[in-house]
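Colleague: Position in the sequence shown (first residue = 1) + 12 = our numbering. Cβ coordinates follow ideal geometry from the N, Cα and C atoms, glycine included. First, the structure itself, so that you have it in front of you.
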Amino acid sequence: MTCASRSMALLALLPALALAELQPLDDSALSQMSGQGGVYLSGEFSINKDGGVLWDTPASNDPALWTANQRSCALAGAASPESCGLRLAIRSGANAGWYVLDNLKGIFSFEGLTLDTRTLTGAGGEQEVLALGLPNEIRFKDGNFAFGVASQGGWKNKALSAANGGDPSYQQTNIFSAKIDGSIRMQGSVLIFPTN
C-alpha cells in the first residue's frame, strides 16, 4: 500500500468520525451508569531538563573561573560544563549535617497508573482499601541524580573566597549517583489501608 492510498483510506474514514462526537446523557441514561471504574492516569514530568534557575552554566568546567552564581554539574575533568538540576536538602537535626538529592533532572513518563477502591475480606471482616495499580512501563530520558551528604543545605563553590560568593569550608560527598535512560516494567498493585 502506497502513501497516497493510505492517505485516501484515512480521508475516507473522516465522515465516520464526525458521527462519533460526545453526546449529553439525560437523567435516566445517567442513572444507569456506574462510576466504579476508577481513575486511569498517564503523564510526563520534565524536571529541570534544561537546568535550574539558581545557577547559570559557566563557560568552563574549572570552578576557580566561575562567578558566585555559576555552577557546572559535569563530572570532574569533563571537557565542557553541564547545567545543574534540582537540589533537595534535608537536615535530620539542629546540629546535624545535610542529606542532599542533587542534580535531579530529566524526563519521566508513564501510562496506565490506576487508582481504584477494593473491598478485602479477612479475619477482621470486610475493609475497603485504596488500590494503586502500577503502570506497565515507566520511561526515563536523560534522567540524572546524585545522593550525598553536605556541610550546608545550599551549594557553595569552595574554589572561590567568601568575598567572591564562595565558601572554602563547604564540603559535599556524593554517596552514589545515577544516569537513567530507558524503561522499567512494573506489574502489580500497591494497597493502601486506611486507619483512624
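1) Name the DSSP bridge partner or partners of L116?
2) Can you name the residues that DSSP bridges to W110?
3) Nearest by alpha-carbon distance to I196: which of S163, E138, A190 and F152 is it?
4) In terms of DSSP beta bridges, what is R197 paired with?
5) Taking all protein chains shown into account, decide if A90 is buried (16 or more other Cβ within 10 angstroms of its Cβ) or exposed.
6) Which residues bound the beta strand (DSSP E) around L34?
7) Closer than 6 angstroms by C-beta to G97: which residues in its own chain qualify, once you throw out the five before and the five after it? Chain order, please.
8) What separation, rounded to the nearest whole angstrom, lies between the Cα atoms of N73 and A143?
9) Provide the residue(s) that pair with A155 in DSSP beta bridges, ordered along the chain.
Modeller: In terms of the structure at hand:
1) Answer is L98.
2) DSSP lists R103 and A162 as partners of W110.
3) Of the listed residues, the one whose Cα sits closest to I196 is F152.
4) Answer by DSSP bridge pairing, in chain order: E149.
5) A90 counts as exposed, since fewer than 16 other C-beta atoms from the protein chains shown sit within 10 angstroms of its C-beta.
6) It is not in any beta strand (DSSP E) - L34 carries neither H nor E in the DSSP assignment.
7) Only N60, N115, L116 and K117 meet the Cβ criterion.
8) Whole-angstrom Cα-Cα distance: 48 angstroms.
9) Before going on, a small fix: residue 155 reads as Gly here, not Ala. In DSSP, G155 forms a bridge with I192.
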